[in-house]
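Single-structure report; data block below.
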Amino acid sequence: MTKDEAVAKLEQIATLLDLRGENPFKSRAYRTAARALESLSEDFESVVREGKLDQVKGIGEGIRAKLQELVATGRLTYLEELERSFPAGVVALLEIPGLGPKKVKILWEQLGIRDLEELEAACRSHRVGKLSGFGSKTEENILAGIEQRRSYAAYHRYGDVIGLAEHLVEQLRAHPDVVRVSMAGSFRRGKEIVRDLDLVCSSAKPAAVMAAFISSSGVQRVVNHGETKSSVILEGGLACDLRVVPDEDYPYALLHFTGSKEHNIALRQRAIAQGKKLSEWGLFREARSRFSAGSEDTASERESEGERIRCRDEAEIYAKLGLAYIPPELRENLGEVEAAERNEIPRLVEWTDLRGTFHCHTTASDGHSTLKAMAEAAQESGLEYLGIADHSKSSFQANGLDEERVALQQEEIRKRNKEFRGFRLLSGTECDILRDGRLDFSDSVLASFDYVVASVHAGFSTSEEEMTRRIIRAMENPYVTMLGHPTGRLLLMRKPYPVNLEKIIDCAAETGTWIELNAQPLRLDLDWRWWHAAREKGVRCVINPDAHHVRELGFVRIGVNIARKGWLRREDVINTLPLKLVEKALRKKRGGGG
DNA sequence: GCCGTTTTCGGCCCGACTGTTTTCAGTCG
């Protein structure tokens with residue numbers, strides 16, 4: 112029984128207690144206990160076994176007994192009882208926006224609704240609107256919520272599939288008959304949302320590789336199984352295709368299946384203009400030249416396509432087309448072919464360029480790891496500095512810090528900094544941008560931080576003009592270092608709030624305010640589509656993990672993918688700077704002007 | 001269910017918004 116599993120069980124209990132309509136403070140107690148357990152730095156099982164749980168604030172007699180049962184037997188009878196009182200589908204109803212425990216309880220008790228399908232039917236037959244507390248507007252909203260969920264079901268967030276994708280590649284790479292293997296498709300291009308995974312590999316024994324692939328762990332169902340192409344459904348409903356080709360075909364296949372379609376079309380047009388032809392099978396000279404040297408290879412079997420130009424890898428294909436190599440992230444036909452022709456493909460930022468990061472939370476607000484643990488994890492991963500930016504006081508829901516607690520945290524940071532060598536904690540805040548664009552702290556308090564992340568967390572339902580004005584007002588405050596998650600979107604869950612990003616980017620350029628690339632996989636905000644233009648205007652990017660747990664510090668790696676997709680170079684990303692230069696940049700920002 | 005102390009039960013995080021209602025409950029951040 113790991114700590115994380117125990118935490119999950121406590122949270123399940125809290126949710127089920129809510130559904131049962133128990134005293135809300137009781138379910139909160141379970142959530143508090145889960146948080147307390149999370150920030151436990153000692154080994155969970157030994158703490159329970161040695162009876163040290165009673166020293167943990169937030170875990171009392173009742174929950175302690177349940178954790179002891181869990182560690183001793185691996186079971187939790189209280190949770191099992193609770194689970195018996197609701198069908199599994201009822202819990203899933205909570206994921207519909209606007210439905211909380213009270214409403215779900217009514218739907219289950221009064222209409223016997225057990226899952227989303229039954230809920231949809233009940234809304235369509237207007238049985239829901241007749242319930243007390245419900246109405247026609249609620250029915251509409253529920254139906255819209257179900258519809259949204261359904262349309263999202265075919266899509267997956269990059270961060271949710273990266274583990275599976277890497278696992279599949281590793282499995283294939285370990286196979287003795289596999290020569291080369293790579294992810295292809297939108298995943299390889301680093302798209303924030305993917306529909307499926309595409310794998311390309313080369314082998315002289317495709318049948319053996321295919322057999323291994325369809326039986327690999329993580330495969331739930333085989334849709335198609337052939338010699339060169341197989342399709343499977345992975346756990347979690349993600350579709351995955353594998354293509355196996357002879358090794359000499361590999362570069363062309365990889366290029367083709369990486370796409371994008373638009374990029375491929377641009378490359379083909381270019382090939383045609385040069386008297387060549389490009390397809391997934393190769394790059395060919397026109398048929399009339401097929402008697403020239405080197406025509407004995409497999410291309411001679413496809414005489415109508417002419418002689419294949421041999422390329423050992425993708426870079427050679429680009430070179431034969433008179434182009435510089437184009438990294439997969441840029442292959443969207445958004446100017447990369449033209450840039451490659453002029454040899455102006457930027458040298459994109461790499462995740463190993465990052466020297467530090469800002470915008471991390473701790474247990475002081477809504478984070479699940481302590482300041483100490485975050486600092487240790489950052490040092491272990493080789494960072495030179497880590498910025499702590501817990502929530503400000505208006506974010507009650509996130510246990511935001513008031514001025515007094517800010518002072519305490521700053522004191523702790525000062526103390527810890529005296530102990531570090533070659534590493535520094537920076538004291539920051541994720542300060543709420545209030546409804547009128549004022550900030551949640553006075554200027555004198557803001558001045559006490561090393562830096563300020565200004566973010567919108569409430570009041571999303573406003574006009575674009577109002578929201579834009581609000582954010583610009585905040586950015587004009589000289590103490591605001593950077594704008595946090597500029598659109599507030601949650602991928603596949605919540606649309607961005609309305610905001611005029613052109614004006615925000617212009618304002619960032621004028622005031623020298625950095626814009627965050629929030630690397631939390633749910634956000635990836637600001638979107639990569641805006642970065643190229645922002646860079647051209649001189650806006651600096653800062654890649655932040657928005658980490659609420661030590662293991663989330665690694666999110667910056669996904670953020671770097673997105674930055675690359677946005678054409679950003681190392682010099683465009685502030686946190687590639689070493690500590691000394693970052694400190695200088697922070698002072699310069701304070702000094703006014705960019 | 002936990003905590004604190006006011007030693008045995010009362011308080012536990014706040015405010016805005018929506019849709020329902022006709023004065024407020026539920027949800028969300």
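For the first sequence, the working numbering gives the first residue as 112, with consecutive numbering after it. In this text, a Cβ means the ideal position worked out from N, Cα and C, and glycines have one as well.
Contact the stretch 640 to 648 vs the stretch 469 to 482: 3+ CB pairs below 8 Å: no
Residue closest to ARG268, alpha-carbon to alpha-carbon, out of ALA145, GLU303, LEU205, ILE626: GLU303
8 Å Cβ shell around LEU432 - same chain, five flanking residues per side excluded: LEU378, ARG381, ALA382, GLN385, LYS387, LEU389, LEU394
Range of the contiguous beta strand (DSSP E) that encloses LEU227: The continuous stretches of beta strand (DSSP E) do not include LEU227, which lies in the alpha helix (DSSP H) extending over residues 227 to 235.
Host beta strand (DSSP E) of LEU353 (start-end): Per DSSP, LEU353 is one residue of the beta strand (DSSP E) stretching across 350 to 356.
Candidates GLU122, PHE324, ALA119, of which the one nearest HIS286 by Cα: PHE324
SER297, buried or exposed, once every other Cβ within 10 Å from all chains shown has been counted against 16: buried
Nearest residue (CA-CA) to ASP288, options THR249, ASP271, VAL320: VAL320
Pairwise C-alpha distance: HIS336 and GLU694: 57 Å
Endpoints, the alpha helix (DSSP H) within which THR143 is located: 135 to 149
Selected residue, minimal CA-CA separation from ARG109, among LEU612, ALA500, SER553, ALA558: Here the chain comprises residues numbered 112 to 705, so residue 109 is not present and cannot be evaluated.
Per-residue DSSP class, three states only, for GLU627: strand
Residue environment, MET604, which counts as buried when at least 16 other CB atoms sit within 10 Å: So MET604 counts as exposed.
Own chain, CB closer than 7 Å to VAL334, minus 5 neighbours either side, in chain order: Within the same chain, VAL334 has close Cβ partners SER342, VAL343, ILE344.
ASP551 vs LYS504 beta-carbon contact at 8 Å: For ASP551 and LYS504, yes; Cβs fall inside 8 Å.
Coarse secondary structure for TYR562, derived from DSSP in three states: Taken through DSSP and simplified to helix, strand or coil, TYR562 comes out as strand.
Which residues DSSP lists as bridging HIS479, in chain order: Bridge partners of HIS479: none, in fact.
Which residues DSSP lists as bridging THR622, in chain order: Answer by DSSP bridge pairing: none, since THR622 is not bridged.
Inter-residue spacing [alpha-carbon to alpha-carbon] between LEU127 and GLU514: For LEU127 and GLU514, the gap between their C-alpha atoms comes out near 36 Å.
Rounded separation between LYS177 and ALA276 - CA only: 37 Å
Residue environment, GLY173, which counts as buried when at least 16 other CB atoms sit within 10 Å: exposed
Of the residues GLY533, ALA696, ARG535, ALA585, the one placed nearest GLU541, counting alpha carbons only: Ranking the options by Cα distance to GLU541, first place goes to ALA585.
Cβ-based burial, TYR590 [other Cβ within 10 Å; buried from 16]: TYR590 comes out buried.
Contact belief for PRO457 with ARG680 at Cβ below 8 Å, rounded distance in angstroms: Contact between PRO457 and ARG680 holds: their C-beta atoms lie close to 5 Å from each other, under 8 Å.
Unbroken alpha helix (DSSP H) run spanning VAL671, endpoints: 666 to 676
Under the three-state DSSP convention, the category LEU512 falls into: strand
Selected residue, minimal CA-CA separation from GLU192, among ARG131, LEU218, GLU452: Closest option to GLU192, Cα to Cα, is ARG131.
Simplified DSSP assignment, three categories, for ILE456: coil
From LEU308, ARG175, ASP358, ARG299, residue whose alpha carbon lies closest to that of LYS316: ASP358
For GLU443, the nearest candidate out of TYR429, GLU487, ILE124, SER371 (CA to CA): SER371
Three-state class that DSSP yields for LYS216 in the structure shown: Correct three-state label for LYS216: helix.
Per-residue DSSP class, three states only, for LYS388: strand
Beta-carbon separation (whole angstroms), GLU180 vs ARG186, contact threshold 8 Å: 7 Å
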